[in-house]
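Enquirer: Residue numbers (the numbering used here): 61 to 244. Ideal placement from N, C-alpha and C gives every residue a C-beta, glycine not left out.
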């Protein structure tokens, strides 16, 4: 949003307040802002940090990152969309689509030996996770991570970045339900 604020304050005047900027954005101005973001980041070094910064700006403009937006950004940068999708997957502050909860289950070898597969399957079934990784109501984005580096505490899962360890199927279901009801 900082980039957008800078751009709009130059266009509309320096005295503009940050909260006023958010109210100005229409579909047309979002498209203009998107073009400006693309133009700016095309001239920047091709680094992971720059890609993440660009995705952050796009997310602040559109609220969430759609697959269409990711593929468009990848085309502009001349990279594969899967590169940007990986950055989104491993960046806690970036999110695909507009969902409330990001649930990540560890798939590492040690968590696997401790029963993470049954936790994973139970959560998918209970939350009705589709092939796209979203729950039926699109409120939960479900994904896995190869290893969370907490092997001795596994099976592990995170909900919106909050770590939960030593999970059994029952505990995992209870934790997810309590987090959702707490944030509802």
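Determine the DSSP secondary structure at residue 205, reduced to helix, strand or coil.
Expert: Start at 1 with the first residue of the chain shown, and residue 205 comes out as number 145. Residue 205 falls in the strand class under three-state DSSP.
Enquirer: Count the other C-beta atoms from every protein chain shown that fall within 10 angstroms of the C-beta of residue 102, then say buried if there are 16 or more, exposed otherwise.
Expert: Position 42 of the chain shown, counted from the first residue, corresponds to residue 102. Looking at its Cβ environment, which holds fewer than 16 other Cβ atoms inside 10 Å, residue 102 is exposed.
Enquirer: Between the Cα of residue 166 and those of 202, 192, 144, spot the shortest distance and give me the residue it belongs to.
Expert: Residue mapping note: residue 166 aligns to position 106 of the chain shown, counting from 1. Of 202, 192, 144, the residue nearest in Cα terms is 202.
Enquirer: Between the C-alpha atoms of residue 74 and residue 120, what's the straight-line distance to the nearest angstrom?
Expert: The residue given as residue 74 occupies position 14 in the chain shown. The residue given as residue 120 occupies position 60 in the chain shown. The predicted position of residue 74 is uncertain, since its pLDDT is 49 and thus under 50; no value can be drawn from it.
Enquirer: Just to confirm the assignment, what range does the alpha helix (DSSP H) spanning residue 146 have?
Expert: Against the chain shown, residue 146 aligns to sequence position 86. That run of the alpha helix (DSSP H) goes 141 to 150.
Enquirer: Could you check if residue 164 is buried or exposed, using at least 16 other CB atoms within 10 Å of its CB as the buried criterion?
Expert: Here residue 164 refers to the residue found at position 104 of the chain shown. So residue 164 counts as buried.
Enquirer: Do you know how far the Cα of residue 222 is from the Cα of residue 183?
Expert: The sequence position of residue 183 within the chain shown is 123, counting from 1. The sequence position of residue 222 within the chain shown is 162, counting from 1. If I take the Cα positions, the gap works out to 17 Å.
Enquirer: Is it buried or exposed for residue 238, if we count other Cβ within 10 angstroms and need 16 for buried?
Expert: Taking the first residue of the chain shown as position 1, residue 238 is located at position 178. With fewer than 16 other Cβ atoms within 10 Å, it is exposed.
Enquirer: Could you tell me how far apart the beta carbons of residue 112 and residue 151 are, in whole angstroms, since I believe they sit closer than 8 Å?
Expert: Here residue 112 refers to the residue found at position 52 when the chain shown is read from its first residue. Here residue 151 refers to the residue found at position 91 when the chain shown is read from its first residue. Contact holds; Cβ gap of about 6 Å.
Enquirer: Take residue 178 and list the residues in its own chain whose beta-carbon comes closer than 8 Å to its own, dropping the five residues that flank it on each side.
Expert: The count along the chain shown starts at 1 and reaches residue 178 at position 118. Within the same chain, residue 178 has close Cβ partners 229.
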